[in-house]
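Okay, so here's the structure we're looking at.
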Amino acid sequence: MATVPPSWNYTLHLPRDPRAPGVARATLRSVLAAHHLTRLTPTAELLASELLTNAHLHTTGPYALRIRSTAPDRLVVAVWDTDPRVPAAFQESAPSAAPPEDDEHGRGLHLVRACADALGVSVLRELGASKGGKLLWTECGVAP
Numbered sequence: 001m002a003t004v005p006p007s008w009n010y011t012l013h014l015p016r017d018p019r020a021p022g023v024a025r026a027t028l029r030s031v032l033a034a035h036h037l038t039r040l041t042p043t044a045e046l047l048a049s050e051l052l053t054n055a056h057l058h059t060t061g062p063y064a065l066r067i068r069s070t071a072p073d074r075l076v077v078a079v080w081d082t083d084p085r086v087p088a089a090f091q092e093s094a095p096s097a098a099p100p101e102d103d104e105h106g107r108g109l110h111l112v113r114a115c116a117d118a119l120g121v122s123v124l125r126e127l128g129a130s131k132g133g134k135l136l137w138t139e140c141g142v143a144p
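Heads up: the sequence shown begins at 1 in the UniProt record's numbering, then just goes up one per residue.
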């Protein structure tokens, strides 16, 4: 009889520190190695890196990395922060074209859109357990 591995999730709360995105990426690599999902590391790390860097650069409060399995060989990589404003790349009317080549910024979330199998945002308006803000999420996995 085949067994289905149990789902799992991790949340890493991060301080306002320039080293926090690097610590979160190292944690992500460790989690994926522990769950024998190292084949997802390059994509998951790119997704996490871009979301974490944006949270660090464009918000003023704390933020968190969330990693959750959704099925064997699939996971959600998400970043929560305290700012409820949704970046343009996560809005339904997001432009699909890449930023101009001479722009020094703006490519990160375009990369996220290109590399994620799915993405979305949840705006958390109620304070309390969620502390408000938003959760930007992406999904990636190994193609069947």
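Where a beta carbon is used, it is the ideal one built from N, C-alpha and C, also for glycine.
- In this structure, T11 is the residue among L136, T11, A114, L135 with its C-alpha nearest to the C-alpha of R68.
- With respect to the C-alpha of A20, the residue from T38, T53, L40, L32 having the closest C-alpha is T53.
- In the displayed model, V31 falls within a helix according to three-state DSSP.
- In this structure A48 touches V77 by the C-beta definition: roughly 5 Å separates them, less than 8 Å.
- The alpha carbon of T60 has as its nearest neighbour, out of A44, R66, P84, R74, the alpha carbon of P84.
- For V121, the closest alpha carbon among the candidates R113, L135, C115, V112 is that of L135.
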